[in-house]
Structure formats: C-alpha cells, structure tokens
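Visitor: Okay, here's the structure, questions in a sec.
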Amino acid sequence: MDKTYQPANIETRWYQEWESKGYFAPSGSGEPYSIMIPPPNVTGSLHMGHGFQEAIMDALIRYHRMQGCNTLWQVGTDHAGIATQMVVERQLEAAGTNRHELGREKFIEKVWDWKQESGGTITQQLRRLGSSLDWSRERFTMDPGLSAAVQEVFIKLHQEGLIYRGQRLVNWDPALHTAISDLEVVSEEEKGHLWNFRYPLSDGSGHLVVATTRPETMLGDTAVAVHPEDERYAQLIGKSIDLPLTGRTIPIIADDYVDRDFGTGCLKITPAHDFNDYEVGKRHSLEMINIFTDDAALNDEVPEAYRGMDRFVARKQIIADLESAGLLEGVKDHTLKVPRGDRSNVVIEPYLTQQWYVDAKKLAQPAIDAVENGSIQFVPKQWENTYFAWMRDIQDWCISRQLWWGHRIPAWYDNEGNIYVGNDETSVRQENNLGPEVALRQDEDVLDTWFSSALWTFSTLGWPEQTPDLKTFHPSSVLVTGFDIIFFWVARMIMMTLHFRKEVPFHTVYVHGLVRDSHGQKMSKSKGNVLDPIDLIDGIELDTLLEKRTAGMMQPKLAKKIDKQTREEFPEGIDAYGTDALRFTYYSLASTGRDIKFDIGRIEGFRNFCNKLWNAARYALMNCENEECGTTEAEFTLGLADRWIISRLQETEQEVKRAISNYRFDLASQAIYEFTWNEYCDWYLELSKPVLWDDDAAAAAKVGTRRTLIRVLEAILRMTHPLMPFITEEIWQKVAPLAGKSGATIMLQPYPEADETSIDALANADIEWLKGVIVGIRNIRGEMNIAPGKELSVLLRNGDNNDQRRLDDNAQYLKKLAKLSEIRFLDANESAPAASAALVGKLEILVPLAGVIDKDAELARLTKEMQKLDKDLERLRGKLSNSAFIDKAPEAVVDKERAKLDSQEQALAKLKQQHEELAEI
Numbered sequence: 000m001d002k003t004y005q006p007a008n009i010e011t012r013w014y015q016e017w018e019s020k021g022y023f024a025p026s027g028s029g030e031p032y033s034i035m036i037p038p039p040n041v042t043g044s045l046h047m048g049h050g051f052q053e054a055i056m057d058a059l060i061r062y063h064r065m066q067g068c069n070t071l072w073q074v075g076t077d078h079a080g081i082a083t084q085m086v087v088e089r090q091l092e093a094a095g096t097n098r099h100e101l102g103r104e105k106f107i108e109k110v111w112d113w114k115q116e117s118g119g120t121i122t123q124q125l126r127r128l129g130s131s132l133d134w135s136r137e138r139f140t141m142d143p144g145l146s147a148a149v150q151e152v153f154i155k156l157h158q159e160g161l162i163y164r165g166q167r168l169v170n171w172d173p174a175l176h177t178a179i180s181d182l183e184v185v186s187e188e189e190k191g192h193l194w195n196f197r198y199p200l201s202d203g204s205g206h207l208v209v210a211t212t213r214p215e216t217m218l219g220d221t222a223v224a225v226h227p228e229d230e231r232y233a234q235l236i237g238k239s240i241d242l243p244l245t246g247r248t249i250p251i252i253a254d255d256y257v258d259r260d261f262g263t264g265c266l267k268i269t270p271a272h273d274f275n276d277y278e279v280g281k282r283h284s285l286e287m288i289n290i291f292t293d294d295a296a297l298n299d300e301v302p303e304a305y306r307g308m309d310r311f312v313a314r315k316q317i318i319a320d321l322e323s324a325g326l327l328e329g330v331k332d333h334t335l336k337v338p339r340g341d342r343s344n345v346v347i348e349p350y351l352t353q354q355w356y357v358d359a360k361k362l363a364q365p366a367i368d369a370v371e372n373g374s375i376q377f378v379p380k381q382w383e384n385t386y387f388a389w390m391r392d393i394q395d396w397c398i399s400r401q402l403w404w405g406h407r408i409p410a411w412y413d414n415e416g417n418i419y420v421g422n423d424e425t426s427v428r429q430e431n432n433l434g435p436e437v438a439l440r441q442d443e444d445v446l447d448t449w450f451s452s453a454l455w456t457f458s459t460l461g462w463p464e465q466t467p468d469l470k471t472f473h474p475s476s477v478l479v480t481g482f483d484i485i486f487f488w489v490a491r492m493i494m495m496t497l498h499f500r501k502e503v504p505f506h507t508v509y510v511h512g513l514v515r516d517s518h519g520q521k522m523s524k525s526k527g528n529v530l531d532p533i534d535l536i537d538g539i540e541l542d543t544l545l546e547k548r549t550a551g552m553m554q555p556k557l558a559k560k561i562d563k564q565t566r567e568e569f570p571e572g573i574d575a576y577g578t579d580a581l582r583f584t585y586y587s588l589a590s591t592g593r594d595i596k597f598d599i600g601r602i603e604g605f606r607n608f609c610n611k612l613w614n615a616a617r618y619a620l621m622n623c624e625n626e627e628c629g630t631t632e633a634e635f636t637l638g639l640a641d642r643w644i645i646s647r648l649q650e651t652e653q654e655v656k657r658a659i660s661n662y663r664f665d666l667a668s669q670a671i672y673e674f675t676w677n678e679y680c681d682w683y684l685e686l687s688k689p690v691l692w693d694d695d696a697a698a699a700a701k702v703g704t705r706r707t708l709i710r711v712l713e714a715i716l717r718m719t720h721p722l723m724p725f726i727t728e729e730i731w732q733k734v735a736p737l738a739g740k741s742g743a744t745i746m747l748q749p750y751p752e753a754d755e756t757s758i759d760a761l762a763n764a765d766i767e768w769l770k771g772v773i774v775g776i777r778n779i780r781g782e783m784n785i786a787p788g789k790e791l792s793v794l795l796r797n798g799d800n801n802d803q804r805r806l807d808d809n810a811q812y813l814k815k816l817a818k819l820s821e822i823r824f825l826d827a828n829e830s831a832p833a834a835s836a837a838l839v840g841k842l843e844i845l846v847p848l849a850g851v852i853d854k855d856a857e858l859a860r861l862t863k864e865m866q867k868l869d870k871d872l873e874r875l876r877g878k879l880s881n882s883a884f885i886d887k888a889p890e891a892v893v894d895k896e897r898a899k900l901d902s903q904e905q906a907l908a909k910l911k912q913q914h915e916e917l918a919e920i
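And the structure:
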C-alpha cells in the first residue's frame with residue numbers, strides 16, 4: 000500500500016471497475032430489494048441535499064446487496080419542464096432567436112439536442128459519489144416507454160371521470176406564462192405597504208375602510224366581507240358599495256373567514272386574484288372578474304384608463320387616483336410574504352384560467368388507508384401526521400402547464416369546443432366517427448412534471464407491460480426523500496400506484512432532514528453559503544470558489560458581502576477530502592427527520608478517520624504479509640486482547656445492524672467509528688505489539704494475534720463498505736487473501752454477521768480494567784509533566800482478588816504499554832510513599848514521585864501556568880461584564896467567550912489541585 004492515503008488515486012479507478020464489470024446489476028437470486036431514485040432534474044447539478052440523499056440510498060443498496068438480496072437501484076432523470084425549457088430558451092435568445100420563431104417542432108428538437116449534449120452532468124456527479132446505480136437500466140421521464148405510460152394513465156383517468164378540464168385559480172408565473180405548483184413558489188418576507196381605502200356606501204350614508212397590500216386588484220373586487228357576528232357592521236350586511244374607479248356596485252356580505260380583529264374588520268373580496276377570496280366567492284356565488292393578461296398587465300375588464308398597464312405601474316396610478324378622489328385613508332409600512340417563482344423570481348399571481356385537473360379527493364382515500372393500515376410506514380413515524388393532514392384536506396390537482404417541453408396533453412378540440420381524448424388524432428377520429436371535414440387541433444399544454452414522476456416506481460419497470468422486472472421489484476422496498484415533497488411526490492405516487500397497480504409503490508418512506516449550513520441557515524445562492532459536494536471531494540481554490548458563489552449576481556452589494564464571507568470561512572479555498580470522508584460525514588449527521596447542520600470541521604475529522612484506517616491497514620500488512628496468519632492448520636492461541644477485540648467486533652456488528660434496520664445511520668457510523676478508531680486502532684494495535692514484537696513470545700500466540708489482526712480488519716472493511724466504498728475496496732484487495740477470503744470485489748462479499756458465541760464478557764471486563772490502569776498512569780504522567788519515555792515504578796492498593804488476577808495475567812502488557820519498571824501491590828504492612836494517584840473502580844494506582852520529578856521545578860511551572868490563566872480570566876471577565884460588548888456583539892460571539900471563560904476556570908481549578916497535591920508530597 001502507498002504510504003499515504005490519496006483518495007483521488009483510487010476513487011475513479013474503482014468506480015470504473017465496478018461499473019464495467021456490471022456489479023451494480025441485480026444478481027437474479029435472493030430476496031428482492033429495490034429503491035427507485037428520486038429522479039434529479041436533467042438540467043441540474045448535485046447540491047448538498049442530493050449528496051446526502053444519494054449517500055443514504057447507496058448505503059442501503061450496498062448493505063442489502065452484501066446481505067445476499069437481489070438488489071436494484073433504479074436510475075433515471077426527470078425532464079424538468081420549466082427548468083429545461085428556460086435553459087434552451089436562453090440559448091436561443093443568445094443566438095438572436097426564440098422558440099416562437101422556430102416553432103414547436105423545431106424547438107423540441109433543440110431541447111432533445113441539448114439533453115443529449117449536456118443533460119448528463121448530474122449522472123456523472125452521481126458516479127463521483129460512489130452511487131451503485133444500475134446504469135444499464137437508466138430511464139428518462141420523456142423516453143418512449145415512460146411517455147406511453149403517461150399517456151395511458153391520462154386517458155384512463157379521463158375515461159373514469161377522474162380527469163377534467165375547468166376554470167379555477169392557479170399560481171401563475173407572468174414571466175414564464177404558465178401555471179406552476181406550490182413547490183415552485185418561494186414565499187419570503189419583504190418590506191411593502193398596507194393601504195387603507197374608503198369604499199363609499201351606495202346609499203350615501205358613509206363609507207367602509209378596507210386595507211390591502213395589492214391596490215391594483217381592487218378593480219376586480221366583487222364584494223366587501225364582514226364577520227357575521229361583528230356588531231359594528233351588522234346593519235350593513237346586504238347593502239352595497241360603489242366600488243371606486245370602476246362604476247360598479249358590489250354587495251356587503253357576511254363570512255366567517257373575516258378576522259374581526261385585523262385592520263378595520265372589512266375585507267375586500269377579489270375572487271379571481273386571491274385563493275382565500277376565491278373560496279369566499281364560491282360560497283356566495285360572487286362574480287369572478289379576471290383583470291389581468293398572461294403578462295400580468297391590466298386587461299379589458301378594467302376601466303379604459305388602466306388597460307394595458309403593467310400591474311405595478313397600475314398600482315401607482317390607482318393609488319394616485321384614489322388619493323385625488325379623497326378615498327385614501329392612509330398608508331403604513333408593512334412586512335408581508337411575497338410569492339415569487341423559484342425559476343423566474345417574478346411575483347406570482349393567483350390567476351383564473353382553464354386548466355386540466357385530477358379529481359384527487361377520489362384517489363386520496365385508498366392512499367390514506369394504506370398508511371393507516373401499515374402497508375406503508377413513515378420513518379420517522381411523526382411524518383404520517385403531515386401526510387394525513389394534507390391528504391384529508393386535498394384539493395384537485397392542476398396537471399396542465401403552458402409549456403412546450405413535456406408530455407403534451409393527448410386531447411383534441413373541434414371548432415364547437417368539444418374535447419376528445421385519445422392516443423393520437425387518428426384514433427380519436429376513429430373512436431368518435433369524425434370525418435376529415437371536422438377540423439381538430441391538439442391541446443397546446445403539457446402535463447405537470449409531477450404527473451409523470453407520480454408513475455415512477457412502476458413506469459420505470461416497464462408498465463403498462465407486465466414485465467418480469469415489475470413482478471420482481473415492485474412494490475419497491477423504500478423511498479428516501481425530503482419532507483418538503485411528501486405531498487407533491489410521495490402522496491401522488493401512492494395515489495397513482497394504488498389506482499393503477501392495486502398495490503403500494505413502496506413499503507417504507509424514510510424522510511430525511513434538509514442540509515443546512517453550519518449556522519442552521521438554509522443553503523441558497525443569494526446567501527452565498529452553498530457548498531458543492533464535488534468541491535468537497537476534489538477541493539477548490541479560493542478564487543474559483545468566489546467566482547462560483549457570486550456568478551450571475553445582479554446586486555453588487557450582495558456579491559461583495561458573499562465575497563467577504565467566503566474569504567473569512569475559506570481563506571485558502573477548500574481542501575480535497577475525498578468521497579468517503581464526505582459520505583461518512585453525511586451518515587454521522589443522519590439522525591431521523593432532523594435538519595442537518597453541515598460543518599466542514601466534521602469532514603476534516605472523517606478524513607482523519609480514513610487516514611487512521613489506512614495506517615492501521617499498513618501496520619497489519621507489514622506484520623502479516625509473508626507470515627502465517629492462521630489460514631492453514633498451523634496451531635494458534637488467542638490471548639486476552641485477541642478475545643476482547645473479537646468480542647467487541649461481534650457487539651459492534653449487532654449495533655450496526657440494529658441501527659441500519661432503524662434507519663439510524665448516525666448511530667451506525669458512530670459505532671463503526673468508535674470501534675475502528677478507539678478500540679481496534681488505538682488499543683488493539685498497541686496490545687498486539689508486545690506479542691508480535693517480542694522474540695520470546697510463543698509462536699502459537701504470534702499466529703493467533705496475526706490471525707486476529709487481519710481478520711478483524713477484514714470484517715471492519717466489509718462492515719464499513721456500504722458507507723465508505725472506495726477506501727474499503729482498496730484495502731480489502733490487499734487484506735482479503737491474508738484473511739482467507741477470495742472474490743473479485745468487496746461489494747459482493749457477505750456483510751458481517753455477529754457470532755454471539757464469540758462475545759466474551761470476561762475478556763471485555765479484563766481489557767477495560769487494563770485500559771483503565773494504563774490511562775490512569777498516562778494521566779499522571781501528563782499532569783505531573785513526566786516524560787513519556789521515563790520508566791516508572793507503580794504501586795497498587797485497595798484491590799480485590801480480581802484485580803490481583805488481572806495484574807498477574809497482564810503485568811507484561813502493563814510494563815510495555817505504560818513504560819513501567821515494575822508494577823505490584825503494596826504489601827500488607829507496607830506504607831505508601833509520597834505519590835500521585837488515580838482510581839480504577841476501588842483500585843488505587845500510585846506513582847511514587849521521588850526521583851521522578853524535580854518537585855520545586857514542577858511547583859514553579861504550575862505556579863507560572865496559574866498566573867497566566869489568572870491574567871486571561873481577568874481579561875475575559877472584564878469583557879463579559881462590559882455591557883457595550885454584551886449588547887453589540889453577535890450572540891454567537893458572546894456565547895463563545897462565555898464558553899472560553901468556563902473552560903479556563905476549570906483548567907485553573909485543575910492546576911490548583913495539582914499544585915496542592917504536589918506541595919503535600
């Protein structure tokens with residue numbers, strides 16, 4: 000093995016080997032285990048959330064593959080209607096043209112060209128993460144097979160009356176000219192205004208005051224609402240208002256939706272431009288007046304003076320006109336949540352349009368039942384409550400989008416407005432006896448991307464054909480997803496799969512948290528705190544990182560702020576940590592359902608873990624290569640340390656299996672880390688040296704130690720492989736032959752299974768005693784500033800027969816590992832010399848200090864350290880008693896200083912104790 004661990008030298012090489020040899024494909028034997036990848040957008044690139052999610056899925060797949068399951072991790076990408084169309088439209092704009100000049104057919108050809116050339120970025124990045132997806136089965140939501148499935152589902156649902164066309168309110172993006180889903184709307188707080196306007200009563204008896212943040216929508220008001228129990232307005236219910244600027248008269252209505260305590264208690268109702276008002280309008284059969292064009296300009300439904308105005312230009316004009324008419328009561332600053340399109344960043348309008356809908360209420364009940372009866376389980380279980388809340392209040396699903404890229408809706412219209420649904424125009428004509436004299440035009444819209452992805456678990460396996468893969472791998476085993484798409488994707492998959500397959504799409508939904516930065520902030524480009532997992536794997540120079548984080552930013556101040564933050568956080572850029580260290584960091588943070596604070600300091604720690612494992616393997620190989628390791632009939636004996644590490648291995652294997660079964664990857668990684676680093680590397684390797692390096696040690700003992708050293712390491716590699724695939728494969732190739740293992744790859748080896756008969760409680764207890772004595776002696780060395788190489792004489796007292804037995808059995812270990820000239824119990828009548836002491840249970844460990852340290856020099860050293868700490872503490876206490884610092888400094892800075900004060904006070908107390916103990920000797 001190379002002297003140092005270099006992940007860049009092994010990762011790409013091993014992945015290419017695995018993929019070329021077909022190791023990711025189902026084995027064809029064993030119990031089926033399948034996961035369908037949440038299809039990433041074909042336009043996208045990996046972000047931290049992707050990296051975390053893919054790491055979880057790969058660990059599950061590799062774990063079950065090693066357990067002998069017939070595993071399939073289905074790969075595929077989503078056509079991402081809006082995102083992809085935007086990418087290609089920008090390319091056309093740069094070339095001086097647009098999709099309308101090209102026409103629909105030519106534009107779609109351009110999109111496919113782009114997909115072939117550039118759409119594979121994310122699949123290459125998935126490979127970099129070590130994702131063992133079966134690439135031979137890669138699917139795309141627009142490939143012919145999935146398109147056929149989408150078309151069949153639409154037609155059948157329409158035949159069953161579960162798909163219909165109707166006019167309802169949707170989220171409308173005025174820049175993209177399409178309806179969008181709630182998930183594509185980002186609502187964040189922005190500073191705005193709240194205007195109070197007077198609406199005159201029609202009988203001239205006065206006016207009502209209404210408040211609004213969107214004055215332009217008043218032109219579409221069709222009522223003013225008050226609460227039915229509001230005594231202030233009870234006498235006005237049923238009367239009417241002269242709506243300013245419009246010449247229209249609108250009624251005053253009573254509705255429980257009105258909050259009597261907000262504003263004036265009077266609410267303007269604009270059913271065509273507000274989702275809550277829409278529901279009020281339906282209850283009261285109000286007219287719904289759409290006042291906008293697709294561009295969010297004012298249309299012909301408004302007075303002529305405002306027609307054609309952009310909505311925000313119209314806002315200013317309407318305010319001015321109302322003020323001139325004496326109808327502006329007042330205006331005040333107001334913070335409100337503004338909905339913006341996540342792609343276009345423009346303000347989204349609730350907009351009344353003709354769209355296609357799925358009657359979701361009729362599909363929802365079987366999906367609710369499947370979770371209630373346990374056919375589908377959520378992990379953590381509390382997410383079931385979120386699922387039920389959404390499903391029991393489900394609204395019909397808008398499935399049409401005003402785009403060109405996507406699955407075109409298989410519906411045709413004649414000149415009379417009749418709608419015909421079918422596979423193509425020819426079949427539509429045949430099925431409806433329509434001759435050539437009847438002109439037909441196909442619907443221009445495409446289906447919502449979520450419609451095709453709702454079929455993902457079964458369409459990727461060949462449905463509507465009844466394929467062997469469908470029979471074998473469906474229902475799938477688990478869905479790994481974030482909580483933010485439980486409704487948008489998870490619920491819709493459950494509804495569609497139950498309806499068309501009469502079975503659940505998966506048995507378990509593992510819901511993970513969202514990856515946030517080290518301060519708990521959501522990662523976003525505008526905050527400049529996004530981390531690219533590939534940059535963490537390969538490393539990135541500061542200048543390149545700055546360019547990435549500020550690319551495309553239109554606000555110089557924001558770009559400058561992000562530049563400053565990045566320089567402070569990564570003054571020398573980001574080191575290359577390798578895939579395994581990144582993956583292990585993800586697992587360490589994967590406690591169920593919680594958001595994940597990603598601190599780059601943790602990945603540094605796990606790179607050190609990789610180095611530790613690498614160096615342990617080098618030690619094992621140096622001591623075992625070309626030596627007898629117990630793979631033949633050679634005699635061997637197992638010493639206490641061998642029996643202990645074998646015992647602890649079995650317990651760790653049990654712990655890891657239990658954790659993975661419960662989707663507690665944080666606990667699994669912690670168990671592997673602690674066993675590998677603390678017990679195998681730090682203790683067992685040290686305990687092996689007195690045997691392996693002692694020329695007088697028995698040959699059988701040496702064989703037993705080499706056998707244990709190499710076999711436990713080999714088991715560690717298999718146990719760790721699902722989490723850190725690359726380093727474990729590289730080391731395993733060198734270690735396996737010495738451990739009597741054969742095979743082309745670790746990933747097809749059996750996962751370690753605990754042997755309970757090898758759990759040795761006595762060996763565990765004896766080694767814990769041994770460790771306690773050694774640590775006690777080492778602590779005394781550190782506290783008394785005794786050189787590590789100086790031999791000590793150690794005395795024991797207050798021990799029992801068990802302590803005496805352990806000393807007799809392990810005196811040689813103790814002498815070599817603790818660097819002792821002798822270690823013995825005090826005789827019954829022997830008085831204890833002046834000594835520094837430590838305890839292991841009731842056993843007292845005494846290190847006589849006479850002749851070992853210069854008492855006066857050591858007292859002087861301790862005094863000097865205490866004086867230095869006293870000065871530091873005086874400064875810290877002064878700083879924390881300064882109200883100016885406490886009030887102005889960020890809370891995190893103040894907390895850090897308080898923690899430093901606490902730490903220094905504890906250190907001073909410890910030094911004082913050492914000084915007092917030494918002075919008494």
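Going by numbering that gives the first Met the number 0, the first residue of the sequence shown is number 0, and it counts up by one from there.
No residue lacks a Cβ here, since even glycine has one placed at the ideal position from N, Cα and C.
Residues in the same chain with beta-carbon distance under 6 Å from residue 590, minus the five sequence neighbours each way, listed in chain order, please.
Guide: By one-based count along the sequence shown, residue 590 stands at place 591. Answer for residue 590: 665, listed in chain order.
Visitor: Which residues does DSSP list as the beta-bridge partners of residue 823?
Guide: Along the sequence shown, read from residue 1 onward, the residue named residue 823 stands at position 824. Note: residue 823 sits in a beta bridge opposite 794.
Visitor: Rounded to whole angstroms, what is the Cα-Cα separation between residue 56 and residue 34?
Guide: As a position in the sequence shown, residue 56 is number 57, starting the count at 1. As a position in the sequence shown, residue 34 is number 35, starting the count at 1. Straight-line Cα distance between these residues: approximately 8 Å.
Visitor: Determine the DSSP secondary structure at residue 447, reduced to helix, strand or coil.
Guide: The residue you call residue 447 lines up with position 448 of the sequence shown. Coil at residue 447, not helix or strand.
Visitor: Restricting to Cα atoms, I'd like to know which of 37, 394, 445, 411 is closest to residue 405.
Guide: Residue numbering aside, residue 405 sits at position 406 when the sequence shown is read from its first letter. Among 37, 394, 445, 411, the Cα nearest to that of residue 405 belongs to 445.
Visitor: Starting from residue 397, follow its DSSP beta bridges and name the residues at the other end.
Guide: Reading the sequence shown from its first residue, position 398 is the one you call residue 397. For residue 397, which the question treats as bridged, DSSP gives the partners 356.
Visitor: Can you tell me which of 44, 370, 247, 819 puts its alpha carbon nearest to the alpha carbon of residue 506?
Guide: Counting from one through the sequence shown, the residue named residue 506 turns up at place 507. That would be 370, whose Cα lies nearest to the Cα of residue 506.
Visitor: Can you give me the start and stop residues for the beta strand (DSSP E) that residue 35 sits inside?
Guide: Residue numbering aside, residue 35 sits at position 36 when the sequence shown is read from its first letter. Where residue 35 is concerned, the enclosing beta strand (DSSP E) stretches over 31-35.
Visitor: From residue 822 to residue 881, what does the alpha carbon distance come to, in whole angstroms?
Guide: Against the sequence shown, residue 822 aligns to sequence position 823. Against the sequence shown, residue 881 aligns to sequence position 882. Computed Cα separation, rounded: 54 Å.
Visitor: For the beta strand (DSSP E) containing residue 835, name the first residue and the last one.
Guide: On the sequence shown, residue 835 is found 836 positions in, with the first residue counted as 1. From DSSP, the beta strand (DSSP E) with residue 835 extends over 834-839.
Visitor: Using 8 Å as the Cβ pair cut-off and three pairs as the minimum, do the stretch 450-464 and the stretch 187-207 touch?
Guide: Short answer: they don't touch.
Visitor: With a cut-off of 8 Å, do at least 3 Cβ pairs link the stretch 71-86 to the stretch 131-138?
Guide: Touching, yes.
Visitor: To which residues of the same chain is residue 594 closer than 6 Å at the C-beta, ignoring the five residues directly before and after it?
Guide: Mapped onto the sequence shown, residue 594 falls at position 595. Hits under 6 Å: 512, 513, 515.
Visitor: Please state whether DSSP places residue 902 in a helix, a strand or coil.
Guide: Taking the sequence shown and counting its residues from 1, one reaches residue 902 at position 903. Three-state result, residue 902: helix.
Visitor: Alpha carbon to alpha carbon, how far is residue 281 from residue 22?
Guide: One-based indexing of the sequence shown puts residue 281 at position 282. One-based indexing of the sequence shown puts residue 22 at position 23. Going from the Cα of residue 281 to the Cα of residue 22 covers about 59 Å.
Visitor: Put residue 9 into one of helix, strand or coil per three-state DSSP.
Guide: Walking along the sequence shown from the start, residue 9 turns up at place 10. If DSSP states are grouped into helix, strand and coil, residue 9 belongs with coil.
Visitor: Please classify residue 273: is it buried, with 16 or more other beta-carbons within 10 angstroms of its beta-carbon, or exposed?
Guide: If you number the sequence shown from 1, residue 273 lands on position 274. With 16 or more Cβ atoms within 10 Å of its Cβ, residue 273 is classed as buried.
Visitor: According to the neighbour-count rule (16 or more other Cβ atoms, all chains shown, within 10 Å of its Cβ), is residue 894 buried or exposed?
Guide: By 1-based counting over the sequence shown, the position of residue 894 is 895. Residue 894 is exposed by the Cβ-count criterion.
Visitor: Only counting the same chain, and skipping five residues up and downstream in sequence, which positions put a Cβ closer than 7 Å to that of residue 918?
Guide: Residue 918 sits at position 919 when you count from the first residue of the sequence shown. The residues are 858.
Visitor: Could you spell out the range, first to last residue, of the alpha helix (DSSP H) harbouring residue 243?
Guide: The count along the sequence shown starts at 1 and reaches residue 243 at position 244. From DSSP, residue 243 is part of no alpha helix (DSSP H); its letter is neither H nor E.
Visitor: If contacts are defined as beta-carbon pairs under 8 Å, then residue 289 and residue 271 qualify, I think. What distance do you get, rounded to the angstrom?
Guide: Start at 1 with the first residue of the sequence shown, and residue 289 comes out as number 290. Start at 1 with the first residue of the sequence shown, and residue 271 comes out as number 272. Confirmed, about 5 Å.
Visitor: Going by C-alpha to C-alpha distance, which of 51, 230, 307 sits closest to residue 260?
Guide: Taking the first residue of the sequence shown as position 1, residue 260 is located at position 261. Closest option to residue 260, Cα to Cα, is 230.
Visitor: Kindly list the residues whose CB is nearer than 8 Å to the CB of residue 308, restricted to its own chain and excluding five residues on each side of it in sequence; keep chain order.
Guide: Taking the first residue of the sequence shown as position 1, residue 308 is located at position 309. Hits under 8 Å: 296, 297, 316.
Visitor: Do residue 210 and residue 249 count as a contact pair if the criterion is CB distance below 9 Å?
Guide: Looking up residue 249 in the sequence shown gives position 250. Looking up residue 210 in the sequence shown gives position 211. Not a contact, by the Cβ cut-off of 9 Å.
Visitor: Out of 306, 268, 225, state which residue places its alpha-carbon closest to the alpha-carbon of residue 213.
Guide: Within the sequence shown, residue 213 is the residue found at index 214, counting from 1. Per the Cα distances, 268.
Visitor: Classify residue 633 as buried or exposed, calling it buried when 16 or more other Cβ atoms lie within 10 Å of its own Cβ.
Guide: If you number the sequence shown from 1, residue 633 lands on position 634. The residue is exposed, with fewer than 16 neighbouring Cβ atoms inside 10 Å.
Visitor: How about the stretch 34-44 and the stretch 109-127: do they share at least three Cβ pairs that are nearer than 8 Å?
Guide: Yes: at least three Cβ pairs fall under 8 Å.
Visitor: So what does residue 626 bridge to, in DSSP terms?
Guide: Translated into positions along the sequence shown, residue 626 becomes position 627. In the DSSP output, where bridge partners are listed per residue, residue 626 has none listed.
Visitor: CA-CA distance, residue 564 and residue 107?
Guide: Translated into the one-based positions of the sequence shown, residue 564 becomes position 565. Translated into the one-based positions of the sequence shown, residue 107 becomes position 108. Whole-angstrom Cα-Cα distance: 42 Å.
Visitor: Alpha carbon to alpha carbon, how far is residue 753 from residue 583? Give it in angstroms, no decimals.
Guide: Start at 1 with the first residue of the sequence shown, and residue 583 comes out as number 584. Start at 1 with the first residue of the sequence shown, and residue 753 comes out as number 754. Straight-line Cα distance between these residues: approximately 22 Å.
Visitor: Pull up the distance between the alpha-carbon of residue 448 and that of residue 188, whole angstroms please.
Guide: Residue numbering aside, residue 448 sits at position 449 when the sequence shown is read from its first letter. Residue numbering aside, residue 188 sits at position 189 when the sequence shown is read from its first letter. When rounded, the distance between both Cα atoms is 28 Å.
Visitor: By Cβ distance, which residues of its chain are closer than 7 Å to residue 497, with the 5 residues on each side in sequence left out?
Guide: Position 498 of the sequence shown, counted from the start, is the residue given in the question as residue 497. 365, 366, 369, 503, listed in sequence order.
Visitor: Which value, in whole angstroms, describes the spacing of the CA atoms of residue 69 and residue 491?
Guide: For the purposes of this step, residue 69 is taken as the residue at position 70 of the sequence shown. For the purposes of this step, residue 491 is taken as the residue at position 492 of the sequence shown. Each residue's Cα considered, the two are about 27 Å apart.
Visitor: Can you tell which of 500, 678, 603 has the C-alpha that lies nearest to the C-alpha of residue 643?
Guide: As a working note, residue 643 is residue 644 in the sequence shown. Checked all of 500, 678, 603; the closest Cα to residue 643 is 678.
Visitor: Go through the stretch 138-225 residue by residue and report every complete run of the beta strand (DSSP E) that reaches 3 residues or more, in order.
Guide: Runs of the beta strand (DSSP E) inside the stretch 138-225: 162-172, 177-179, 184-199, 206-211, 222-225.
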